[in-house]
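In my numbering, the protein residues as written are 13 to 405.
Quick reminder that beta carbons are idealized off the backbone N, C-alpha and C, glycines included.
Computed from a predicted model, the values in this text were never measured in an experiment.
Below: one structure, written as structure tokens.
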């Protein structure tokens, strides 16, 4: 199937540039708001396409392939974590359901996006941290953030897991120090080939710190590209008339952005209350990650149609532990699929933004809000009212 033309057109151009010129200068040659790690996949795709003289449609399939590979890894992780929790059969079913998930399939195999890459990484982060491999988990989390910055939404949960049962003795201090050093090294290894001095280099930012400021500068520029209450993401702000409306506009005495931050903060506090009530069990961490990602999509402004996708892998795994979560898993998947499908279809008419009160968007946004409310209620039912199983995942 044809990919989303604007996104894939950029990926093809960047892939060819990298194959012909290497990474130097690509950020100044194109308007790229993506973090650098995914560009390595485009680079490799370009090199393979160039070496074998692949036509552009096979080059497109190659670009799509990386996300599909990570989806397979994600399915394996779901199965592996289910087996460790003593739920082998349910884990097999859940893994297959994830591989055939319509929202995931639409994102990678049709659209040509790569949100399933950081989604798999984030589940891998939880797996490693729950296995006691703190530094490995932290390094994978850094890689996820350097793939898509939205991965950083799980910072509170990652910090909680990293420092849970942390002992500030010599061994703990050495592990923390080695993790920080490894993190700096990994960051520089990924970023430096693409790094270009920022406008503040040598003035407000010392030259030796500028490679670190470069990433923040890139992210700050990227969020200004679509400064809307919602940017085709069918969430609460769609229902509140925020589609392609600047998030600095007034809404109920504040701004869309201010309300979004406040509501997300309250949601995050609720998630951590659930974690506290559940004594940080493995299942609570999985379900808490799902709620955190869903809350971000529902409340934080500037959301795109694809940004709820990483939540799918967590709710699919959560359904292994309790059948109560199967309806939420199905609804979340359908909401992600429908949101992407609508934007994908209108793109063939050279329309890339829905109108403020589009009836289809309002219906899907209402369904997404209902799913979110169900997910929050289920969180209270399974974590707030009773003590869940505390087995490893």
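Those residues which DSSP pairs with residue i across a bridge
i           : result
residue 262 : 267
residue 213 : 217
residue 315 : 242
residue 255 : 242
Selection from the options that minimises the alpha carbon distance to residue i
i           : options               : result
residue 13  : 119, 173 and 393      : 119
residue 367 : 383, 311, 274 and 244 : 244
residue 203 : 48, 52 and 87         : 48
residue 99  : 252, 322 and 295      : 295
residue 246 : 375, 121 and 232      : 375
residue 235 : 220, 138, 224 and 258 : 258
residue 336 : 387, 310 and 319      : 387
residue 126 : 35, 161, 302 and 250  : 161
residue 319 : 301, 92, 327 and 348  : 348
Reduced DSSP category for residue i - H, G, I as helix; E, B as strand; rest coil
i           : result
residue 13  : coil
residue 384 : helix
residue 159 : coil
residue 184 : helix
residue 42  : coil
residue 126 : coil
residue 178 : coil
residue 291 : coil
residue 334 : coil
residue 392 : helix
residue 207 : coil
residue 191 : helix
residue 397 : coil
residue 19  : helix
Counted within 10 angstroms of its Cβ, other Cβ atoms place residue i as buried (16 or more) or exposed
i           : result
residue 109 : buried
residue 146 : buried
residue 63  : exposed
residue 264 : exposed
residue 266 : exposed
residue 238 : buried
residue 53  : buried
residue 41  : exposed
residue 123 : buried
Any non-hydrogen atom of the ligand ADP within 7 Å of residue i CB
i           : result
residue 320 : Ligands displayed in this structure: none; no statement on the ligand ADP is therefore possible.
**Message:** As an exercise, report each continuous alpha helix (DSSP H) stretch of at least 4 residues that is fully enclosed by the segment 337-369, in chain order.
**Reply:** 338-359
**Request:** For the segment 92-153, list the alpha helix (DSSP H) runs that are entirely contained and at least 4 residues long, ordered along the chain.
**Result:** 100-111, 114-117 and 128-142
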